[in-house]
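This report concerns only the one structure given below.
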Amino acid sequence: MTVAADFETLYGSAPDGVWAAPGRVNLIGEYTDFNDGFVLPLALPHTTVAAVSRRDDGVLRLHSGDADGGIVQLGVDALEPLSGGGWAAYPAGVVWALRAAGHPVTGADVHLASTVPTGAGLSSSAALEVVTALALNDLFGLGLTRPELARLAQRAENDFVGVPCGVMDQMASACAQEGHALHLDTRDLSYRQVPFDLAAEGLALLVVDTRVKHALGDGAYAERRAGCEAGARALGVRALRDVDAAHLPAALDRLDDATVRRYVRHVVSDNDRVVRVISLLDAGATRAVGPVLTEGHASLRDDLRVSCPELDLVVEAANAAGALGARMTGGGFGGSAVVLVGTDGAEEVGAAVRKAFADAGYAEPGIFPAVPAAGARRL
Ligand code: ADP
Ligand code: MG
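Numbering (the numbering used here), first residue to last: 1 to 379.
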């Protein structure tokens, strides 16, 4: 294995072990995870692999084959949140979060290599955090559960790196199962593996990476989050997940602020779309999921307003070429979309999206089928 061999070249001895954690795409349930709501992600075959050895002298050495620069060396006692450590802040943040929770992590040598595209909305950051957390959990015998590791990884990203993400990405990377989507309740982190065997039904889920990331996204996430919290306060509920879709019209009537009203309508309706998609999957009616995806996209575009011209074009071109449905996935303002398509039409739909991008003068998108893969594991 080249990751282990590269580790040995870097650090002078073989690693104690090698772990892998996947990136993810979210099928449905967007911006619901900071509203205590439901999400339905699946793990990708793309993984971040970490070769790791335990150390007991307080030294943390980090290296990534995917980042410029050499080994980053830190002291575990001196880790400071938001200290501008670049990529190394993600794994260092995991060590910091583990130690802050009282777990005796006394140092490590880490070498990483990843096939998860970075910055494409496919959660290379969560893959990096989760693989680090799982390796340290095993090497230091911490005995933490997958949801506990996901929470600590989220804390690393929120409080050490300084990105206010929800917990979906880390849970998907830590808990997903091959051939399944993960129905996660972000209120209590309970989950169920929902069978999602696309190939058996003659279907494919294409991921379309637009290869753009609009700067607008940075402040927009915090603004949407604040708007949703304002909505929950105005409605007197703990979180928007407590508003039943059947009571949405009445709830909207009680909101004065037009922006908050749009945000509430998105979150409550998207939470309900997760429930509807799961019912369809459980009933073996996977093709019928398509229109629900497209409905979800319209809600993200028109109500939450987190889409962008490139993502809208993917959805429009794919549906016009015969896809069953499509939506942006992840935080929006660029990143990726998912397209549900019959296997025999996949080629044509991909070509139509590529042509639409070329005609619009956009860079060529990256397109690949998402095959529901396994969550984090020791190799
Ligand atoms: P996403 O999670 O959608 O890929 P993010 O902006 O959240 O995008 O995370 C991407 C960042 O995570 C990169 O800029 C880099 O700092 C870090 N990262 C992810 N994977 C790796 C890796 N294999 N090696 C080094 N850094 C990585
Ligand atoms: Mg990320």
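Think of the CB as a built atom: it goes at the ideal place given N, C-alpha and C, for glycine as much as any other residue.
Residue i burial status per 10 Å Cβ neighbour count (16 or more: buried)
i, result
"H247", "exposed"
"P249", "exposed"
"R241", "buried"
"E30", "buried"
"T286", "buried"
"P15", "buried"
"P291", "exposed"
"E310", "buried"
"A174", "buried"
"Q170", "buried"
"R377", "exposed"
"P104", "exposed"
"L293", "buried"
Beta-carbon proximity check, residue i vs residue j, cutoff 8 Å
i, j, result
"L206", "L198", "no"
"P22", "A370", "no"
"C308", "G332", "yes"
"P164", "Y90", "no"
"I71", "L62", "yes"
"A126", "A97", "no"
"V52", "A108", "yes"
"G231", "L255", "yes"
"T421", "V116", "Any question about residue 421 goes unanswered here, given that the chain covers just 1 to 379."
"V161", "G93", "yes"
"G219", "Y263", "no"
"D303", "R265", "yes"
"L112", "S336", "no"
DSSP three-state assignment for residue i, whether helix, strand or coil
i, result
"T145", "coil"
"F140", "coil"
"A344", "One detail in the question is off: residue 344 reads as Asp in this sequence, not Ala. Correct three-state label for D344: helix."
"D57", "coil"
"D302", "helix"
"Y263", "helix"
"I367", "strand"
"D185", "strand"
"G121", "coil"
"V237", "coil"
"S307", "coil"
"V130", "helix"
"S83", "coil"
"G322", "coil"
"T329", "strand"
"V315", "helix"
Chain C within 8 Å of residue i, Cβ atoms only
i, result
"H183", "Reference to chain C is not applicable here, since this structure consists of a single protein chain."
Closer than 7 Å: residue i CB and nearest ligand 3 heavy atom
i, result
"W87", "What this structure holds is ligand 1 and ligand 2, not ligand 3."
Every unbroken beta strand (DSSP E) inside the region 5-49 [3 residues or more] | 17-26
Evaluate the contact criterion for the region 223-233 versus the region 352-368: three or more CB pairs, one atom per stretch, below 8 Å.
-> no
Entirely enclosed beta strand (DSSP E) segments - the region 166-235, minimum 3 residues = 180-185, 190-195 and 203-213
Is there contact here, the region 332-343 with the region 147-162, by at least three beta-carbon pairs under 8 Å?
-> no
So, do the region 24-44 and the region 179-189 have three or more beta carbon pairs nearer to each other than 8 Å?
-> yes
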